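**Q** Residues in the sequence shown are numbered from 1 upward in steps of one, following the UniProt record's numbering.
Every residue gets a Cβ at the ideal spot worked out from N, C-alpha and C, and that includes glycine.
Note that the coordinates shown come from a computational prediction; the quantities given were computed from them, not determined experimentally.
Here it is: the structure, laid out below.
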Amino acid sequence: MGTRGGRDPNCSARLGDCRHRHARGASAPTVAGSTFHRESLVTTRALVVGAGGATGLAWSSATLAVLEAESGWDPRDADVFVGTSQGSLLVALLASGIGTADLTAWYRRELPVTHPLRHKPDARQRNSGSRVPLPAAPGMAIRALLRPGRVATTTALSGLLPAGRSSLDTWVAPLTALWKPDEWVAHPATWAVAVDYDSGERVSFGAPGAPEAGIIDAVRASSSVPGVCEPTRIGDRRYIDGGVHSSTSADLVASLDVDEVIVLAPMAGEGGPSSPTAVPEFVMRKGMQRKLAAEVRVLRKAGKHARVLVPSPYDVAAMGGNSLDPKNRRAIFESTLKRGHDRIAATGGSK
């Protein structure tokens, strides 16, 4: 399973004005032995989009819209896409030809009902998983504790959570309008980062040597928040949200032949908790910020120019204390659009 390529979205009337940008002649860098030719003097870029739930998707979508407006660079032209959790959905959409204009119209409810972003599952899957709150991956957690350093602490702790029961059918619905279950996006370097729930190892679906999977299942696996969503089974393995290892996994790009790495990290950033209920997520943000800083050091040591975009204190307050709560997503999108220009300019992203 896992066809690399599949349908060209350019052939689908459902896409409207969306185009698969990579098919127009731009190409990807050398990735693990596969060479994609490109003109010299042209900057090659990787786009890394980190975890962040529904609020992070709104923030990331608006940030990319501002980045394109300020720099003239279309994020669909990235040579490499790396996405974790909500970031896997966003990069999969970009790699399928969905652009920032589509995302903006989506949040503003201006898209026609036939557009893929408005696609709904045929029948919403009922909540599944065990009703008994037993640890979902105790073996992985125990092995990690017995062999410290082999598995990220956050990954080990996730194994002690009960299996979630929420469905991701609505989350991945736009991709089901674009691709069949066993198909992959046509972009030659699109990675969705997840974690093997039994071994604790990080897995980059779409990367050379990764397990075969269709893009829909890969994004579902990358977005399976432990304790909330049921782990995604691909083959004989179970996978969960790649954010339990790292919110961005930006270090994966260090060995690739790209000049610049643009990192969007909606779960990092500065600012205090907006309310007492936001304290747990604030603590988590601090840990993710430290991990991000370490990954950026790896990128720069490898000679990459890293441009890192994180939420401002105002953004963090607007996003609230529950990244999975979608009720304020439109307000977050508009707020980020309004206030994003200074942030882009500070990272060298303006024209």
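So, under 8 Å CB-CB, Pro144 and Arg150 are touching, yes? Tell me the CB distance rounded to an integer number of Å.
**A** Checking the displayed sequence, the identity of residue 144 turns out to be Ala instead of Pro. With 8 Å as the limit, Ala144 and Arg150 qualify as a contact, their Cβ atoms being about 6 Å apart.
**Q** Could you tell me if Lys286 is buried or exposed, where buried requires 16 or more neighbouring beta carbons within 10 angstroms of its beta carbon?
**A** exposed
**Q** So Leu337 and Val49 are supposed to be a Cβ contact under 8 Å. How far apart are they, rounded?
**A** That pair is no contact at about 17 Å.
**Q** Which of helix, strand or coil does DSSP assign to Gly87?
**A** helix
**Q** Less than 8 Å between the beta carbons of Arg329 and Thr55, yes or no?
**A** yes
**Q** Grab the span of the alpha helix (DSSP H) containing Leu168 for me, first residue to last.
**A** Element bounds for Leu168: n/a, residue is neither H nor E.
**Q** From this set, Val195, Asp257, Ala189, which residue's C-alpha is nearest His245's C-alpha?
**A** Val195
**Q** Can the beta-carbon of Gly87 be found less than 8 Å from the beta-carbon of Thr155?
**A** no
**Q** Alpha carbons only, please: which of Ala207, Leu160, Cys229, Ala177 is nearest the one belonging to Gly53?
**A** Cys229
**Q** Since Leu252 and Trp171 should fall inside the 8 Å C-beta cutoff, what is the C-beta to C-beta distance between them, to a whole number of angstroms?
**A** So it is not a contact: roughly 23 Å between Cβ atoms.
**Q** Nearest CA to the CA of Ser224: which residue from Asp257, Pro162, Ala95?
**A** Pro162
**Q** Just to confirm my understanding: we take Lys120, look at its own chain, exclude 5 residues before and 5 after, and list those with CB closer than 8 Å. What are they?
**A** Thr170, Ala173
**Q** Nearest CA to the CA of Arg165: which residue from Val263, Gly227, Ser222, Gly139?
**A** Gly227
**Q** If I measure Cβ to Cβ from Glu270 and keep anything under 6 Å in the same chain, skipping five residues before and after, which residues do I get?
**A** Only Pro313 meet the Cβ criterion.
**Q** Taking only three categories from DSSP, how would you classify Ser40?
**A** Confidence at Ser40 is low in this model, with a pLDDT of 41, below 50, so the placement of that residue should be treated as unreliable; the coordinate-derived value is given next. Ser40: coil per DSSP, three-state reduction.
**Q** Would you say the region 316-325 touches the region 55-64, given that touching needs at least three Cβ pairs under 8 Å?
**A** yes
**Q** Taking its Cβ as the centre, do 16 or more other Cβ atoms sit within 10 Å of residue 352, making it buried, or is it exposed?
**A** Outside the shown range of the chain, which is 1 to 351, sits residue 352, and nothing can be said about it.
**Q** Cutting at 6 Å between CB atoms, please list the residues of its own chain near Ala152, excluding the five before and the five after it.
**A** His245
**Q** What residues in its chain sit with their C-beta under 7 Å from that of Ala343, if we drop five residues either side in the sequence?
**A** Here residue 343 is Arg; the residue named in the question, Ala, does not match the sequence. Within the same chain, Arg343 has close Cβ partners Leu309, Ser312.
**Q** Check whether the Cβ atoms of Ala136 and Tyr197 lie closer than 8 Å to each other.
**A** yes
**Q** If I measure Cβ to Cβ from Tyr107 and keep anything under 6 Å in the same chain, skipping five residues before and after, which residues do I get?
**A** Excluding its 5 nearest sequence neighbours in each direction, Tyr107 has C-beta neighbours in its own chain below 6 Å: Arg330, Phe333, listed in chain order.
**Q** Please list, in chain order, all residues of the same chain as Lys291 whose beta carbon is under 6 Å from its beta carbon, the five residues on each side excluded.
**A** Cβ within range, chain order: Ser246.
**Q** Go to Thr232, then tell me how far its beta strand (DSSP E) extends in each direction, as first and last residue.
**A** 232-234
**Q** Report buried or exposed for Val279, applying the criterion of at least 16 other Cβ atoms within 10 angstroms of its Cβ.
**A** exposed
**Q** In this structure, what does DSSP give as the bridge partners for Thr190?
**A** Phe81
**Q** Which same chain residues, not among the five before or five after Leu175, have their C-beta less than 7 Å away from its C-beta?
**A** The beta carbon of Leu175 sits closer than 7 Å to those of Ala92, Ile215, Ile216, Val219, all from its chain and outside the five residues before and after it, given in chain order.
**Q** According to DSSP, is Leu178 helix, strand or coil?
**A** Coil at Leu178, not helix or strand.
**Q** In the DSSP assignment, what are the bridge partners of Tyr239?
**A** DSSP, once it has assigned bridges, lists Asp196, Thr232 as partnering Tyr239.
**Q** Name, in chain order, the residues that DSSP records as bridge partners for Val296.
**A** Under DSSP, Val296 takes part in no beta bridge, so it has no partner.
**Q** For Thr100, I'd like the list of residues in its chain whose CB is within less than 6 Å of its CB, leaving aside the five on either flank, ordered along the chain.
**A** Leu64, Ala65, Glu68
**Q** By Cβ distance, which residues of its chain are closer than 7 Å to His341, with the 5 residues on each side in sequence left out?
**A** Val66, Glu70
**Q** Cα separation between Trp73 and Gly303?
**A** 22 Å
**Q** So is Arg147 buried or exposed if we call it buried at 16+ other beta carbons inside 10 Å?
**A** exposed
**Q** Measuring straight from C-alpha to C-alpha, what distance separates Arg307 and Pro231?
**A** 32 Å
**Q** With DSSP as the reference, identify every bridge partner of Ile262, one or two as the case may be.
**A** Answer is Leu47, Arg307, bridged to Ile262.
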